[in-house]
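K.L.:
Have a look at this one.
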Amino acid sequence: MSEVLTELATVLEQRKQESADSSYVASLYAKGLDSILKKIGEEATETVIAAKDGNKEQIIYETADLWFHCMVLLAEQGLHPDDVLNELQRRFGLSGLEEKAQRQK
Numbered sequence: 007m008s009e010v011l012t013e014l015a016t017v018l019e020q021r022k023q024e025s026a027d028s029s030y031v032a033s034l035y036a037k038g039l040d041s042i043l044k045k046i047g048e049e050a051t052e053t054v055i056a057a058k059d060g061n062k063e064q065i066i067y068e069t070a071d072l073w074f075h076c077m078v079l080l081a082e083q084g085l086h087p088d089d090v091l092n093e094l095q096r097r098f099g100l101s102g103l104e105e106k107a108q109r110q111k
C-alpha cells in the first residue's frame, strides 16, 4: 500500500509547480500553511464525528480526507510519507509507554 502513498506524494509535489487556479491542492499551497492546517483540523473533526456516529463507510471516507490533507502538509514542509513510515517502523515493537518515555528525555 505504500506505493499509493508514493504515487500521491509525487502528484502533490507536481501540484506545487502549478498555478492556484489549476487544482485544489495548488490553491491550498498558494494560500499557505495556515490554510493547510485549518483543513487538517476540519478533517480531523469530521473524522471524530464519523466515528462517534459509528458509520464505518463515513469513517473510512473522512480518514482518507484527513490523511490526504496531512500528506499535503508533509509535501508543503518538504517531507515525504516515507519519513512518517520510517518513524512508525522505529516505534514498532515499543510499547506506547516506552515510546513516550523516550520522548521525554
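Each residue of the sequence shown is one higher than the one before, starting from 7 at the first, in the working numbering. Where a beta carbon is used, it is the ideal one built from N, C-alpha and C, also for glycine. The model shown is predicted, which means the values in this text are computed figures rather than measured ones.
Rounded C-beta distance between alanine 81 and alanine 36? I'm assuming under 8 Å.
P.N.:
Translated into the one-based positions of the sequence shown, residue 81 becomes position 75. Translated into the one-based positions of the sequence shown, residue 36 becomes position 30. No, alanine 81 and alanine 36 are not in contact; Cβ-Cβ is about 14 Å, not under 8 Å.
K.L.:
What three-state label does DSSP hand histidine 86 in the structure shown?
P.N.:
Working through the sequence shown from its first residue, we reach residue 86 at position 80. Here histidine 86 sits in coil by DSSP.
K.L.:
For the putative contact between valine 17 and valine 78, defined by C-beta atoms under 8 Å, what is the C-beta separation to the nearest angstrom?
P.N.:
Position 11 of the sequence shown, counting from 1, holds the residue named residue 17. Position 72 of the sequence shown, counting from 1, holds the residue named residue 78. Actually they do not touch by this definition, with Cβ atoms about 11 Å apart.
K.L.:
Measuring CB atoms only, is the segment 37 to 57 touching the segment 65 to 74, in the sense that at least three cross pairs come out at less than 8 Å?
P.N.:
Verdict: yes, contact present.
K.L.:
Is it buried or exposed, lysine 58, if we count other Cβ atoms within 10 angstroms and call 16 or more buried?
P.N.:
For the purposes of this step, residue 58 is taken as residue 52 along the sequence shown, with counting starting at 1. By the 10 Å Cβ count, lysine 58 comes out exposed.
K.L.:
Beta-carbon separation of serine 8 and aspartate 88 under 9 Å?
P.N.:
Taking the sequence shown and counting its residues from 1, one reaches residue 8 at position 2. Taking the sequence shown and counting its residues from 1, one reaches residue 88 at position 82. In this structure, aspartate 88 lies closer than 9 Å to serine 8 by Cβ.
K.L.:
Tell me whether alanine 57 sits in a helix, a strand or coil according to DSSP, three-state version.
P.N.:
Reading the sequence shown from its first residue, position 51 is the one you call residue 57. Helix at alanine 57.
K.L.:
Which same chain residues, not among the five before or five after leucine 11, have their C-beta less than 6 Å away from its C-beta?
P.N.:
Numbered from 1 along the sequence shown, position 5 holds the residue referred to as residue 11. The residues are Pro87.
K.L.:
Using three-state DSSP, classify isoleucine 24 as helix, strand or coil.
P.N.:
Position 18 of the sequence shown, counted from the first residue, corresponds to residue 24. Reading off the sequence shown, one finds glutamate at residue 24, where the question assumed isoleucine. In this structure, glutamate 24 counts as coil in the three-state DSSP scheme.
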